[in-house]
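For any residue, its number in my numbering is found by taking its place in the sequence shown, counting from 1, and adding 4. Even for Gly, the Cβ is constructed at its ideal location relative to N, Cα and C.
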Amino acid sequence: LILSIQAYFDDVLFDIQNQNRFNPYMFSLPTIFHVDRHTQYGYVRGTSYQVDSRDSFYPKYISVFLGIPYARPPVGLYRFKPPLPPDPWEPTFLLYDATYYRPSCLQPADEQEKIRQYIPHFPPSNFSEDCLFLNIFTPNRTDRYMPKLPVIVFIHGGDFIGGSSQIYNGFVLAQRNVVVVTFNYRLGPLGFLSTKTLNGRGNYGLFDQRMALKFVYDNIREFNGDPENITVIGHEAGAASIGLHLLSQNTPLYFRRAVMMSGSDLCKWSTIEDEHYPLEQARFLARRLTCNDRNIDVLLDCLRQRSGLDIMNSAKHVWFPDEFGGHPWRPTIDTFTDDFTRPIFSRRPIELRRLGLFANVSAILGTTSDDGAIHFAQQPINLAVIDKGFSLHDQHAYLNMFVNRRVQDRYSFQRQTFAYEYAETDYVLPRGGDMYLDEEGIATVIKYKYAHWPQPDNMTMLRQRLVDLHSDEHTTSCVADAARFHARHTFNSTYMYVFAYHSLASYYPYWMGAPRSSELDYLFGMPFINDSQWMPWHGVLRRQIFTYVDEEMSNYTMQLFVNFARYGEPTPGGFLREYTPPSLERPSGLVHSPLGYALRLNVAWLPQLVQNMTYLLIDRYPSLQTNYRFDAAGFWSEYWPTAFQRRITPVPTKYYKHAVLNHRDTTILMLFFMGAFILAIIVLIILCGVLFIRVRHETNESVNKNNSNRRQTKFENKE
Numbered sequence: 005l006i007l008s009i010q011a012y013f014d015d016v017l018f019d020i021q022n023q024n025r026f027n028p029y030m031f032s033l034p035t036i037f038h039v040d041r042h043t044q045y046g047y048v049r050g051t052s053y054q055v056d057s058r059d060s061f062y063p064k065y066i067s068v069f070l071g072i073p074y075a076r077p078p079v080g081l082y083r084f085k086p087p088l089p090p091d092p093w094e095p096t097f098l099l100y101d102a103t104y105y106r107p108s109c110l111q112p113a114d115e116q117e118k119i120r121q122y123i124p125h126f127p128p129s130n131f132s133e134d135c136l137f138l139n140i141f142t143p144n145r146t147d148r149y150m151p152k153l154p155v156i157v158f159i160h161g162g163d164f165i166g167g168s169s170q171i172y173n174g175f176v177l178a179q180r181n182v183v184v185v186t187f188n189y190r191l192g193p194l195g196f197l198s199t200k201t202l203n204g205r206g207n208y209g210l211f212d213q214r215m216a217l218k219f220v221y222d223n224i225r226e227f228n229g230d231p232e233n234i235t236v237i238g239h240e241a242g243a244a245s246i247g248l249h250l251l252s253q254n255t256p257l258y259f260r261r262a263v264m265m266s267g268s269d270l271c272k273w274s275t276i277e278d279e280h281y282p283l284e285q286a287r288f289l290a291r292r293l294t295c296n297d298r299n300i301d302v303l304l305d306c307l308r309q310r311s312g313l314d315i316m317n318s319a320k321h322v323w324f325p326d327e328f329g330g331h332p333w334r335p336t337i338d339t340f341t342d343d344f345t346r347p348i349f350s351r352r353p354i355e356l357r358r359l360g361l362f363a364n365v366s367a368i369l370g371t372t373s374d375d376g377a378i379h380f381a382q383q384p385i386n387l388a389v390i391d392k393g394f395s396l397h398d399q400h401a402y403l404n405m406f407v408n409r410r411v412q413d414r415y416s417f418q419r420q421t422f423a424y425e426y427a428e429t430d431y432v433l434p435r436g437g438d439m440y441l442d443e444e445g446i447a448t449v450i451k452y453k454y455a456h457w458p459q460p461d462n463m464t465m466l467r468q469r470l471v472d473l474h475s476d477e478h479t480t481s482c483v484a485d486a487a488r489f490h491a492r493h494t495f496n497s498t499y500m501y502v503f504a505y506h507s508l509a510s511y512y513p514y515w516m517g518a519p520r521s522s523e524l525d526y527l528f529g530m531p532f533i534n535d536s537q538w539m540p541w542h543g544v545l546r547r548q549i550f551t552y553v554d555e556e557m558s559n560y561t562m563q564l565f566v567n568f569a570r571y572g573e574p575t576p577g578g579f580l581r582e583y584t585p586p587s588l589e590r591p592s593g594l595v596h597s598p599l600g601y602a603l604r605l606n607v608a609w610l611p612q613l614v615q616n617m618t619y620l621l622i623d624r625y626p627s628l629q630t631n632y633r634f635d636a637a638g639f640w641s642e643y644w645p646t647a648f649q650r651r652i653t654p655v656p657t658k659y660y661k662h663a664v665l666n667h668r669d670t671t672i673l674m675l676f677f678m679g680a681f682i683l684a685i686i687v688l689i690i691l692c693g694v695l696f697i698r699v700r701h702e703t704n705e706s707v708n709k710n711n712s713n714r715r716q717t718k719f720e721n722k723e
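See below:
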């Protein structure tokens, strides 16, 4: 009785504390009951919701804990510093309210609009610099002595400048008896500004991820999770982050398996190289905010005094070549070590991969079949032309434009590099010394590479080849390379997939196939949210009516990755374990498909071998295939960088800028002496000409005079 009364007053106090808080994520389903769990920093209170179940007489419940802080707020003096563990919440007798999402991390306005494509009623006020929170979705189990469940930690993408954990709801996936965790991490310059010094080392977003993984490892047992069976799944920038953590000497201690979707640490957009001058990008941002950019410590102190929103708005004015990612706020090589944090990676990822210096864990790498379709559709092209297909002339014109933009980016970046080198080094190239690239030759090669030789005039296939170009450049090449290195240097299994399923209910036109992030809807069970536009804790989602086949593909996708998290194999024993197709009746449970269709999904997913690079094609009829576009991977990773090293004119020799006579002075002197020499020759020629004319004139006068004297003498003799 006493415990019941105490629980009642706890609920009353909890409701009084939150009665005036506006929760934009209220939904139409009733709350079942509150659930309390203990962490190292105090108790948290979440909410448990009932879900339909056909495999048990008793109903299932999913407990949801939202907005749990895993680090101290990175504001004020803690901005541009690695995160610190959170403070225990005070007073200790109060429960931490984990029933609603906390703010997402600050990001530019266009990235916020991308979130509203998924959650239209996402409020503008729900972005903050204080954003280091995580969310846990776990099956509610009353018996604490039952075996702990595998844990899936998802790291969202967004090109290191956008994204939010709130887009990815683990409610449906958790019904597969796994614990699902999502979290936010710092983005843009607040997460990745680097001055290449200890005080401004960069990679703060990666350190946030490391802290979140440590929090999960230390506390997930209280949420029915197994800390020794954690699988991290990342998409795009999240996948690149996982690849970088694999290169670390510390982070892999917190997870056992890895899944990298549409990205890897070998993608050219995954890091900013030292040769791209991250310090100069930070200085340019500081000048935009009227900060002194010469002294690094003064620069960082000044930026800490500016508002986070001002920093994000100014960051979009920092130009960076599209080929290298379009913005400089990315992970960078970190060689600094202090008493609290060790670097994530201290050498170029490609060097560490080639040497096999990365964590030996089981991994899945993959992409979608048309990853570059959205990027291709965003190019300055008439959409009517895209819909009908490309003629050979149109394709060549597009490829000429593509190469020209890359060349112009190189020219612009070379001009910036000259300024950086002149300011930072003693030996620099003459300005314009690298300005004569073989643009025509590069265009010829890429036209040959992305022609459709079986039918050179097929307009549909020429359009598809352009989609392949953007897919290969951005994702396919670096994912294939990372899979090859992982299979070669680890004794654990390496798997690869290509998601090619296109739903008839998709918002995208049919020609776009399976664009980037298509697999995420099926991994998180979105096809099972058909009955209402309302989704727990989200608000109103974009409405899309999925079909039974979509539900089956979601079932299949979820089970593959849940099996990997649980057993280390997507299809243990050569078949899809625990896959029980239901009857044709549509029950209230999750799984629905005819038996025959389910049998067609049972394909053994074999790991990759160096001599047989197998991958699973996830489509309506899955199949096991080999060697996915490794020729394209070689083109973009090996040939393409060298194409911009071939110049029509030779590269000049660097000169010493502090010399008494530098390159410009010697050139001017050379031109002066050459001019003087030519002028002297001209004067000499003129003088010779004048002298010649004068001598000739005098000679003629002498001859004429002699002739006149002879005629006069002759005349006198005649007389």
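(message) Please identify the residue among LYS200, GLU327, LEU202, SER132 whose C-alpha is closest to the C-alpha of VAL311.
(response) It should be noted that the sequence gives Ser, not Val, for residue 311. Closest option to SER311, Cα to Cα, is SER132.
(message) Assuming contact is defined by CB atoms lying nearer than 9 Å, are ALA367 and ALA216 in contact in what I supplied?
(response) no
(request) Any chance you could list the beta strand (DSSP E) runs of at least 3 consecutive residues sitting entirely within the segment 193-228, in chain order? (result) none
(message) Determine whether the beta carbon atoms of MET500 and GLN418 lie at a separation below 9 Å.
(response) It is not a contact, given that the beta carbons lie outside the stated cut-off.
(request) Determine contact between the segment 517-537 and the segment 481-498, defined as no fewer than three beta-carbon pairs at a distance below 8 Å. (result) no
(request) Evaluate contact between the segment 165-180 and the segment 115-122, counting only Cβ atoms and requiring at least three cross-stretch pairs below 8 Å. (result) Because the criterion of three Cβ pairs below 8 Å is met, the segment 165-180 and the segment 115-122 touch.
(request) Only counting runs of 3 or more residues, tell me where the beta strand (DSSP E) segments fall wholly within the segment 349-424, in order along the chain. (result) Runs of the beta strand (DSSP E) inside the segment 349-424: 366-372.
(message) What does the alpha-carbon distance come out to for the pair MET530 and LEU441?
(response) 48 Å
(message) Using C-beta distances below 7 Å, list every residue in its chain close to ALA102, excluding the 5 sequence neighbours before and after it, in chain order.
(response) VAL48, ARG49, GLY50, PHE69, LEU70, GLY71, ILE72
(request) Under 8 Å by Cβ, that's how I've got PRO154 and ASN130 pegged, so tell me the actual separation to the nearest angstrom. (result) Actually they are not in contact, since the Cβ atoms of PRO154 and ASN130 sit about 31 Å apart, beyond 8 Å.
(message) For TRP86 and ARG180, I'd like the C-alpha separation in whole angstroms.
(response) With the sequence shown as reference, residue 86 is identified as Pro, and Trp is not the correct amino acid for it. Rounded to the nearest angstrom, the two C-alpha atoms are 35 Å apart.
(message) Using only the alpha-carbon positions, how far apart do ASN299 and PHE288 sit?
(response) 13 Å
(message) Count Cβ pairs between the segment 35-46 and the segment 215-229 that sit closer than 8 Å; are there 3 or more?
(response) yes
(request) Output the distance between the C-alpha atoms of LEU508 and PHE532, rounded to the nearest integer angstrom. (result) 16 Å
(request) Identify whether VAL707 lies in helix, strand or coil by the three-state DSSP scheme. (result) DSSP places VAL707 in helix when its eight states are reduced to three.
(request) Could you check which residue in GLY209, LEU98, ARG292 has the C-alpha nearest to that of ALA319? (result) Closest by alpha carbon: ARG292.
(request) Alpha carbon to alpha carbon, how far is ILE159 from TYR258? Give it in angstroms, no decimals. (result) 14 Å
(request) Tell me whether SER712 is buried or exposed, calling it buried when 16 or more other Cβ atoms sit within 10 Å of its Cβ. (result) exposed
(message) Whole angstroms are fine: how far does the CA of PRO256 sit from the CA of ALA647?
(response) 37 Å
(message) On the DSSP letters alone, give me the boundaries of the alpha helix (DSSP H) that MET463 sits inside.
(response) 463-475 is the extent of the alpha helix (DSSP H) around MET463.
(request) Over the uninterrupted beta strand (DSSP E) stretch that includes PRO332, give me the two end residues. (result) Unbroken run through PRO332: none, as it is neither H nor E.
(request) Flag this pair as yes or no: are the beta carbons of PRO89 and LEU197 separated by less than 9 Å? (result) When the beta-carbon positions are compared, PRO89 and LEU197 stay at least 9 Å from each other.
(request) Determine the direct distance from the alpha carbon of PRO78 to that of GLY209, and round the result to whole angstroms. (result) When rounded, the separation of the alpha-carbon atoms in GLY209 and PRO78 is 11 Å.
(message) Tell me the rounded alpha-carbon separation between GLU279 and SER627.
(response) Annotation: GLU279 to SER627 spans about 43 Å, alpha carbon to alpha carbon.
(request) List the endpoints of the continuous beta strand (DSSP E) containing VAL302. (result) Run containing VAL302: none in the beta strand (DSSP E); it sits in the alpha helix (DSSP H), 300-309.
(message) On the criterion of 16 or more Cβ atoms from any shown chain inside 10 Å, does SER416 qualify as buried, or is it exposed?
(response) exposed
(request) For the segment 63-116, list the beta strand (DSSP E) runs that are entirely contained and at least 3 residues long, ordered along the chain. (result) 64-73
(message) What does the alpha-carbon distance come out to for the pair PHE26 and TYR104?
(response) Bear in mind that the predicted position of PHE26 carries a pLDDT of just 30, short of 50, making it too unreliable to give a figure here.
(request) Could you check if THR201 is buried or exposed, using at least 16 other CB atoms within 10 Å of its CB as the buried criterion? (result) By the 10 Å Cβ count, THR201 comes out exposed.
(message) Rounded to whole angstroms, what is the Cα-Cα separation between ALA487 and THR498?
(response) 7 Å
(message) So, with DSSP's three-state summary, where would you put MET724?
(response) Here the chain covers residues 5 to 723 and nothing more, so residue 724 does not appear.
(request) Figure out for me which residue from LEU695, ALA684, ILE140, GLU115 has the closest Cα to the Cα of PRO4. (result) The displayed coordinates of the chain run from 5 to 723. Any statement about residue 4 would go beyond what the structure contains.
(request) Taking the CB atoms as reference points, tell me whether TYR53 and LEU138 lie closer together than 9 Å. (result) no
(message) In this structure, how does DSSP classify ALA559 when only helix, strand and coil are distinguished?
(response) Reading the sequence as shown, one finds Asn at residue 559 and not Ala. It is helical.
(request) Measure how close the beta-carbons of GLY376 and HIS478 come, nearest whole angstrom, since I'm counting them as under 8 Å. (result) 6 Å
(request) Report yes if the C-beta distance between GLY1 and ALA241 is below 9 Å; otherwise report no. (result) Nothing can be reported for residue 1, as the shown portion of the chain is limited to 5 through 723.
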